[in-house]
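The next block holds one structure in the form of structure tokens; read it before the comments.
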Amino acid sequence: MKVLEVRSVSKSYSHHKALDDVSLSVPEGQIFGLLGPNGAGKTSLIRIINQITMPDQGDVLFKGNSLSSEHIKAIGYLPEERGLYKKMKVGEQALYLAQLKGLSTAEAKTALKEWFKKFDIEPWWDKTVEDLSKGMAQKVQFITTVLHRPKLLIFDEPFSGFDPINANIIKDEIIKLKEQGTSIIFSTHRMESVEELCDHIALIDKSKKILDGPVQQIKENFKQQIYAVDFSSSNLDFLNALPEPFKLINKNNQQADIQILNQTPASDLIRFLLDKSDIKAFEEKIPTINEIFIRTVQENES
Amino acid sequence: MNKILLIIKREYLSRVRKKSFIIMTILGPVLMAGLILAPILLMDSSADEKKEIWVCDENNLFEPQFKDVDGTDYQFFKNDVLEVKEQFNTSDGYALVHIPKFENQSIDVLESSVKVYVHKPMSLSNQNQISNNIESVIESIKLKEEGLTRDIIDRTRSNVNLNTIILGESGSEKTGSTEVSMGISMFGGFLIYIFIFLYGAMVMRGVMEEKTSRIVEIIISSVKPIQLMMGKIIGIALVGFTQFALWVSLTFVISSVATALLVNPADINPVDMANGSEMLIQEADMNQDGFASVFEQLESINITFLLAMFLFYFIGGYLMYGSLFAAVGSAVDSETDSQQFMLPITIPLIFSFIALQTILENPDSSLAFWCSIIPFTSPIVMMGRLPFDPPLWEVGLSMLLLIVGFIFTSWLAGRIYRVGILMYGQKVNYKTLWKWIKQS
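As given, the protein sequences belong to chains A and B, one line each in that order.
Residues are numbered in this note's numbering as their position in the first sequence, beginning at 1, plus a constant of 21.
Note that this note's numbering numbers the second sequence so that position 363 is 361, with each residue one more than the last.
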């Protein structure tokens, strides 16, 4: 089941094309990583999903229906460029934003009290935002994003401005929301959190989608049959003259990365190595999202 | 629709509860009441300070004319002027007037030979008093030479007040007063001018606040940009109405209470209080009849019609300019950047206010016609023309065009606004604005 489908969306601004025929499907109940270099078109796409701007071509379906104003309540959005009214009181402001999303005053109040209690920030209710630190304001902002229990949450750099402890609290909340069945679009430049959280990623570069799929499958596709081998001796000179189909990628001390070419099974390599030396550990090197990101974008450049 | 109400409510409450709003609301009437009361209080306080003016009249002619008035005492000296001057030097006397002997010469010689010695610069009113007194003595002497007396002159003097009567097409007659109409015109035009500037700037700052604090993206993921913009404009208009209503009522309360407390009721009749300082100054010239005729003329102007029109142009003008102010606020990142875009908004406003003064001289000129038709100038100029009964079709056309005008500026501003609020850190010029307007 897809919660959101983006179908051949294009969007141009006066001087450049922000999105060029981009199609995406966001699976329900998963965390979908929307990745891409700066200026690739992520924010443009997110704004279209939030109905802030309209696509020039293509359309967006929410649970199979064309996106319309009735879906505003079903979507929660935490923009990268975010802020609050500085002079307004925290509680009042959160209430206002919740009401704009379509909650009734009573609903919003109960839900807010719950969240304030959960984050242990009840004393902030009557403070103005300018009296809060940046991290505190971010917490309030996170609450206002998720308060109306949207089916789809869109987080653009949700951890920026948080210290590691608070970032962890937010991360746990995001995971909890996913477990409760919320679908999440997650856009960030911090690849370690993509690694940790995302089930599915899409990579946008130069206004085009260049990669899309479940994380496991993408990693599988990007594997290069490189194995990390730990030897028990440091006499590894034999590695410098590896026969076909093996290839030394790099080595240091008692450790080496060896690639197997031509779909040769890994057991051949193990057998070969055992003849020469003792092996302490043998492990396939799975590419990180970071490596996949850099490789794909660089290949796209050329 | 519900959401726009929420926005209006927030915009309204967040401003009305601000300290600056409360302070301005209280301070405004105090200042206005001060303006009304200042002349009264000044008159009172100047009476406490006795001024002594010495007069050395070598002709022995002027003493009867110089009567002690308003805290000014005149002392006459018969001694030689040099002696008096020496004495004056060490005294508290305010001024020493030396009227030299004209002997065989014509009395006209006094026109340029009277000298006044003072310790510090003399007030204008005292100067006028002294010269008036001397002038009237000289005039009396000359009149006598011509064989006339002051009584004859007074009896022959005349003062004509024109009673303008406006003939309606159906033959109806209506008394009209240019002065009263002009007063109402200027006041109405001025109020609209101030209101547009004050609250237009408030709209602009509000939009800029949302943009620089980056809350705008969160809000427009819930509501349409045009809803946010219109909600803000309407909310601030209501703030304006509230402040205005409070000012009017507080001014009235404060000034009437203060007048009642500070001023001896015997000195002043109730009409003065209602009419404020301007009337007070003219008090001496105006008798009860004068006031009655002012009221009669006020009645001749259709107050309900004027008030309704005032409200229409008030709201129409504000909506028209308010959305432009919002567009400027959305396009820039800081107040300093806004200057270049403010110019085309302020120029028609200032122009219409300046034009209003010329138009009042000639309310049926073609300048008056065009300025009251074109929506950019019509709120101020047509308001000014209304007390002069312009043709109804012109009023209708002007109103219609103002409605078209503000729909147009709202549309235009909305197109700039929806793009502008999401553009951070971009240098914006008129070319970019034009691109935003064209952008779908």
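Built from N, CA and C at the ideal position, the CB exists for glycine as well.
- For Y106(A), the chain B residues whose Cβ falls inside 9 Å of its Cβ are R8, S12, E207, E208, S211 and I213, in order along the chain.
- Using a Cβ-Cβ cut-off of 7 Å, K118(B) does not count as an interface residue toward chain A, since no Cβ of chain A sits closer than that to its own.
- Per the coordinates, the alpha-carbon of D299(A) lies some 30 Å from the alpha-carbon of K240(A).
- Its chain contains S31, S228 and K229 as the residues whose beta carbon lies nearer than 7 Å to that of D41(A), once the 5 sequence neighbours on both sides are disregarded; these appear in chain order.
- Interface residue (Cβ-Cβ distance to chain A less than 7 Å): V402(B) is not classified as such.
- Per DSSP, F252(A) is one residue of the beta strand (DSSP E) stretching across I247 to F252.
- Judged by DSSP secondary structure, Y115(B) falls within the beta strand (DSSP E) whose first and last residues are K113 to V116.
- Distance from Y415(B) to P119(B) at the Cβ level is roughly 57 Å; contact not present, criterion being Cβ atoms closer than 8 Å.
- Closer than 7 Å to the CB of S220(B) there is at least one CB belonging to chain A.
- For the region 138 to 165 of chain B, the beta-carbon criterion of a distance under 8 Å to any beta-carbon of chain A is satisfied by none of its residues.
- Chain-ordered, the chain A residues with CB closer than 8 Å to the CB of Q437(B) read Y34 and S35.
- DSSP places K110(A) in the strand class (E or B) of the three-state scheme.
- Taken in chain order, the complete alpha helix (DSSP H) segments of 4 residues or longer contained in the region 96 to 156 of chain B are 108 to 111, 122 to 143 and 148 to 154.
- Nearest neighbour of A411(B) by Cα position, chosen from S104(B), V14(B) and Q225(B), turns out to be Q225(B).
- Around D77(A), the same chain offers S31, K32 and S33 as residues with beta carbons nearer than 7 Å, after the five sequence neighbours per side are excluded.
- Out of S253(B), F310(B) and T257(B), the CA that lies nearest to the CA of L29(B) is found in S253(B).
- Under the Cβ distance rule, L121(A) counts among the residues neighbouring chain B, one pair being separated by less than 7 Å.
- Inclusion of A119(A) and A129(A) in the CB contact set at 7 Å is warranted, their separation being smaller than that value.
- Contact between the region 189 to 208 of chain B and the region 301 to 310 of chain A is absent: fewer than three C-beta pairs spanning the two stretches fall below 8 Å.
- Setting aside the 5 residues that flank it on each side, V215(A) is surrounded in the same chain by G54, L56, T209, I222 and I310, each with a C-beta closer than 7 Å to its C-beta; the list follows chain order.
- Relative to S44(A), the option among V81(A), S65(A) and L173(A) whose CA is nearest is V81(A).
- Contact note: K1(B) reaches chain A through L121, using a C-beta cutoff of 7 Å and chain order.
- For the options P48(A), Q72(A), G104(A) and K192(A), the alpha carbon positioned closest to that of G85(A) is the one of P48(A).
- In this structure, G327(B) keeps its C-beta atom at 7 Å or more from the C-beta atom of I194(B).
- In chain order, L59, F60 and Q63 place their CB closer than 7 Å to the CB of V135(B), counting only its own chain and leaving out the 5 sequence neighbours on each side.
- K160(A) sits buried, since 16 or more C-beta atoms from the chains shown fall within 10 Å of its C-beta.
- Under DSSP, the beta-bridge partners assigned to Y72(B) are I51(B).
- Comparing alpha-carbon positions, the option among R153(B), W52(B) and A243(B) lying closest to N124(B) turns out to be W52(B).
- When C-beta atoms of the region 239 to 246 of chain B are compared with those of the region 21 to 39 of chain B, three or more pairs fall below 8 Å, so the two segments count as touching.
- Under the three-pair Cβ rule at 8 Å, the region 329 to 345 of chain B does not count as touching the region 384 to 398 of chain B.
- If you check each beta-carbon in the region 166 to 195 of chain A against every beta-carbon of chain B, the ones closer than 9 Å belong to T166 and I175.
- The bridge partners DSSP lists for S46(A) are E26(A).
- Going by C-alpha positions, F312(B) is about 25 Å away from I34(B).
- Rounded to the nearest whole angstrom, the CA to CA distance from I348(B) to W368(B) is 16 Å.
- Counting only residues of its own chain and dropping the five nearest sequence neighbours on each side, M381(B) has a CB closer than 6 Å to the CB of G186, G187, I190 and Y311.
- Here K94(A) is near K122(A), since their CB atoms are less than 7 Å apart.
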